[in-house]
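Chains as they are written, first to last, in my numbering: chain A, 1 to 207; chain B, 1 to 616; chain C, 1 to 350.
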């Protein structure tokens with residue numbers, strides 16, 4: 001009995017991502033990791049809330065934020081979460097090709113989100129002179145939203161690596177947990193964005 | 001891959017084995033060596049501090065160097081000595097106590113160690129590169145922003161790297177306990193050391209990210225010109241205090257809970273009685289951990305948060321005394337009616353009871369906000385936390401080392417020498433720190449480079465310094481013990497007539513721990529087999545091939561990458577050229593991650609036939 | 001009887017240290033002999049919590065000693081296996097409920113006093129002084145009377161004096177142990193507390209938040225005098241003439257040098273809205289020079305010639321042209337005779 005045999009069974013079980021001990025470990029491990037990340041973002045939110053009115057004579061939240069673009073970004077990211085759900089559905093049904101397809105769409109949407117965010121930042125910097133260094137509010141804003149964007153970038157690198165590495169391999173009990181871990185992470189990033197949208201942009205517009 | 005036959009291996013082979021190991025038992029050795037080294041370093045820093053304070057207006061070292069000493073003493077002892085040695089014990093013992101062959105993520109385990117090591121080395125490089133950090137171990141933002149030189153930058157990068165390692169360790173043990181307990185090992189049958197390590201891992205998981213954020217913000221302010229703590233740009237230095245203490249308070253419970261668990265195992269074993277009030281002990285540990293997240297602002301009573309905040313945090317702080325008291329009484333009742341054997345390990349545990357109780361007392365006293373207006377930032381606080389950390393964590397570490405040395409290294413530390421060590425250290429400890437309670441109330445603030453003449457603080461400081469010398473002798477004695485033990489006879493599997501699973505296998509265990517996963521029949525599984533069975537733990541599965549992970553050099557390399565990048569981050573404010581090590585280091589580390597992801601590593605199997613040939 | 005020896009040794013240590021501390025520390029510095037109403041409240045809670053926790057400690061230690069005395073393994077008893085007791089619900093309840101009650105006993109007065117000490121609603125009916133913390137000195141601005149000074153803070157006895165704390169650089173902490181607990185001096189927000197001294201005296205003040213190399217050299221004094229003397233002091237300080245020519249020629253030369261060497265650029269004598277360095281209005285009466293040096297001419301000369309030696313990292317170093325020892329002597333002579341008031345630390349019973 002070899003490794004290869006155990007990981008590539010004739011009939012893939014239901015929930016292939018939890019069928020091995022490694023899979024179970026990765027599943028719980030990632031949930032715990034997300035717990036730690038929650039505290040990380042909570043700290044950043046706390047810092048942002050404390051400093052968002054320290055504008056140092058620069059623009060404040062009400063004049064700065066463009067809700068239209070941000071709403072578009074939210075829709076893109078939420079959709080990308082949905083597409084990752086489709087991808088996992090196909091994975092659990094052992095349909096590798098469809099999983100790859102929906103993951104690819106997820107990646108494209110993620111890239112779209114990033115493009116919008118970069119445009120948003122560029123807009124703030126050139127139109128308002130609102131930078132990371134211009135005030136405590138600026139530092140807090142770019143750090144919070146930037147950390148989230150950094151997580152998106154890391155997630156995309158992760159996703160693309162997974163897709164390239166496993167393109168020729170098909171689905172098995174070795175890589176199923178990896179795809180599942182990614183999708184959990186991606187959902188988390190989406191949830192964080194919902195909080196950012198609410199606490200930073202919506203509450204900022206209302207003042 | 002290490003073989004099962006004993007053979008002399010070259011130094012080079014042993015070194016390479018340790019640099020690439022993912023075996024939790026060897027990682028435990030590494031953590032112990034690393035942590036032990038930094039403990040000595042931290043101890044030397046303490047002795048220098050006490051020499052400077054042996055008399056008023058002393059000029060043994062300059063004010064600047066003194067501030068570096070106190071900063072590094074605290075930072076080293078907490079992050080680079082206490083935590084790693086606790087992780088050493090957790091690594092050495094936890095998988096054995098639950099009947100597992102390794103932790104859930106062996107690669108991550110190794111990575112956690114090397115990140116700690118490189119982070120600690122990076123931090124201490126500062127001594128040779130223009131000065132160590134000098135803002136206190138708490139590095140409050142207002143001073144830390146403007147401290148000249150790169151000292152604080154080393155603090156930021158060193159702790160960020162080392163802290164990442166600790167966080168990984170926390171997640172690892174959580175998943176291990178949840179998923180990898182042997183059949184029959186339900187949660188309520190786990191030894192208290194495992195329970196405590198489990199709960200501590202939850203604390204690590206939720207506390208360290210707050211520190212991560214705090215360090216990032218300080219890094220951004222110092223290196224990239226942001227304005228988080230800069231008052232002139234609208235920043236607020238109290239944010240640092242909040243973030244630091246949201247980490248910092250759970251951190252001290254991270255330091256103490258594992259040794260609480262160890263003491264439960266010790267009192268039980270050396271009284272030949274099961275732990276009194278097991279369920280209450282488990283829940284008390286959980287309650288301490290939970291409450292530990294609710295009290296951080298008792299470090300900030302004098303900041304001016306207002307009476308409502310101060311009152312809430314005062315009450316929460318005093319409330320933690322309740323579950324802690326429950327534990328002390330349960331330990332005493334465990335010994336009540338027992339057959340108490342005072343080995344060196346037990347002596348440390350006994351010394352802990354009065355010492356930690358005093359520390360706990362002063363903790364409650366500090367929790368009374370208005371009283372704290374006098375105590376805060378004085379030697380009273382220094383006395384309190386040394387009573388709980390030394391009287392708790394350090395005593396626990398010595399106890400744990402005596403107790404588990406056979407399991408970790410296959411030999412028993414010399415008992416007589418161990419008892420001498422205890423008495424010297426114990427007496428020195430009380431001499432050093434008891435008087436500091438009074439020094440504080442008599443008007444001596446913390447972090448004072450000199451105390452001036454004519455303030456009646458002379459005698460107390462002198463006594464305190466004498467105690468420090470005594471403690472040093474005790475530590476030296478322990479080191480001698482370690483060295484002479486190398487030649488002592490091999491230890492049996494169960495030198496203490498133990499009750500828990502780790503004593504059912506050889507000392508040290510085979511590299512795969514258990515030939516067959518054990519079947520657990522109740523709490524204190526080995527005791528049950530001794531009293532109701534044949535003294536051997538029954539297997540839970542037939543003999544079969546055992547799946548083991550491969551050694552790998554990647555964790556070392558990855559940590560090296562971050563180490564180099566750390567230098568880049570620190571110095572890129574001086575020369576743009578230093579962006580090179582920054583980018584190269586980061587790219588290298590991320591490259592190692594990619595290699596790890598792309599290269600399949602499925603481990604290997606020990607064949608059933610080979611296992612059959614092994615002695616039991 | 002190792003356990004008992006341990007207890008005896010601890011008891012000895014306690015007794016020995018208690019003996020040393022019979023003096024409880026230096027008068028007017030120690031918090032253990034409160035001379036102000038806030039310090040008294042802190043002391044009340046210190047005593048309450050100490051008594052309660054000591055009772056707990058005694059209970060623990062009695063159990064501990066009894067356990068060790070009775071159940072330590074005796075010869076020939078190696079194999080005795082005691083009864084394996086799972087626990088006792090009643091005991092668990094007892095040692096949960098009693099500590100909760102003890103916590104309540106300590107918590108209620110704590111909360112009451114916390115709110116009392118934070119109450120600054122009546123501040124405007126009292127004297128208000130603005131305190132500014134600096135690396136490494138203290139600035140005192142008597143806003144109602146429009147006068148400033150530094151290092152020695154004069155207040156009247158028997159009434160609440162509200163101080164408003166703000167830092168000009170990093171975080172410090174204002175601590176006068178005999179009179180009140182401490183309060184941080186932050187750069188981003190003002191903190192308010194009050195001092196209420198019972199009796200006249202010179203009370204030691206210390207910086208209690210790490211602020212740099214000379215953190216331990218930032219002492220100040222609170223000089224409490226009777227309300228009449230305080231009024232006199234305020235009057236004298238306001239009426240002093242900053243330009244008044246001193247009597248001796250040496251001091252007059254010193255006064256000239258004070259301007260030539262640009263001391264006057266940072267150090268005001270008399271009321272001044274700006275304070276880059278300490279205000280020197282009543283310098284001749286100061287209890288200490290630079291907060292820590294005995295008020296002798298030699299110390300002052302050394303300080304002026306090379307301040308870095310006395311206070312590493314201080315902000316005066318290098319801000320003015322070289323001053324020779326001779327020149328410093330003249331400046332010292334000038335400064336030491338600036339005594340605008342008859343109300344001095346000596347009159348407060350130094």
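Don't be surprised by glycine CBs; every beta carbon is placed ideally from N, CA and C. Just so you know, these numbers come straight off a predicted model, no measurement behind them.
Rounded C-alpha distance that separates residue i from residue j
i	j	result
residue 21 of chain C	residue 456 of chain B	Note that residue 21 of chain C has pLDDT 49, beneath the 50 cutoff, so the model's placement of it is unreliable and the number below is only indicative. The straight-line gap from Cα to Cα measures roughly 10 Å.
residue 268 of chain C	residue 240 of chain B	35 Å
residue 202 of chain B	residue 190 of chain B	17 Å
residue 340 of chain C	residue 168 of chain C	28 Å
residue 248 of chain B	residue 132 of chain C	29 Å
residue 226 of chain B	residue 212 of chain C	22 Å
residue 194 of chain C	residue 313 of chain B	23 Å
residue 65 of chain B	residue 450 of chain B	12 Å
residue 345 of chain B	residue 614 of chain B	32 Å
residue 242 of chain B	residue 483 of chain B	44 Å
Range covered by the alpha helix (DSSP H) that runs through residue i
i	result
residue 66 of chain C	37-71
residue 221 of chain C	No alpha helix (DSSP H) holds residue 221 of chain C; the beta strand (DSSP E) holding it covers 220-225.
residue 75 of chain C	Careful: residue 75 of chain C lies outside any alpha helix (DSSP H) and carries neither H nor E.
residue 150 of chain B	Unbroken run through residue 150 of chain B: none, as it is neither H nor E.
residue 599 of chain B	Premise fails: residue 599 of chain B is in no alpha helix (DSSP H) and is neither H nor E.
residue 206 of chain C	From DSSP, residue 206 of chain C is part of no alpha helix (DSSP H) but of the beta strand (DSSP E) over 201-207.
residue 221 of chain B	192-224
residue 103 of chain C	89-118
Residue burial classification, residue i (beta-carbon count within 10 angstroms, cutoff 16)
i	result
residue 84 of chain A	buried
residue 587 of chain B	exposed
residue 488 of chain B	exposed
residue 355 of chain B	buried
residue 29 of chain B	buried
residue 148 of chain C	buried
residue 219 of chain B	buried
residue 308 of chain B	exposed
residue 553 of chain B	exposed
residue 74 of chain C	exposed
residue 508 of chain B	buried
residue 194 of chain A	exposed
Extent of the continuous beta strand (DSSP E) to which residue i belongs
i	result
residue 140 of chain C	137-142
residue 133 of chain C	127-134
residue 155 of chain C	152-156
Expected contact under 8 Å - CB spacing of residue i and residue j to nearest Å
i	j	result
residue 48 of chain C	residue 106 of chain C	6 Å
residue 568 of chain B	residue 581 of chain B	4 Å
residue 119 of chain B	residue 161 of chain B	4 Å
residue 92 of chain A	residue 15 of chain A	6 Å
residue 164 of chain B	residue 115 of chain B	5 Å
residue 32 of chain C	residue 441 of chain B	5 Å
residue 27 of chain B	residue 109 of chain B	5 Å
Which listed residue (the options) has its alpha carbon closest to that of residue i
i	options	result
residue 430 of chain B	B:394, B:450, B:442, B:467	B:467
residue 236 of chain B	A:64, A:49, A:159, A:118	A:49
residue 180 of chain C	B:302, B:436, B:272, B:598	B:302
residue 407 of chain B	B:504, B:37, B:150, B:209	B:504
residue 205 of chain C	B:308, B:443, B:494, B:591	B:443
residue 218 of chain C	C:150, C:338, C:142, C:55	C:150
residue 141 of chain C	C:134, C:135, C:128	C:128
residue 350 of chain B	B:399, B:563, B:374, B:464	B:399
Neighbour list for residue i in chain E, Cβ cutoff strictly below 7 Å
i	result
residue 96 of chain C	The question asks about chain E, but that chain is absent: this structure's protein chains are A, B and C.
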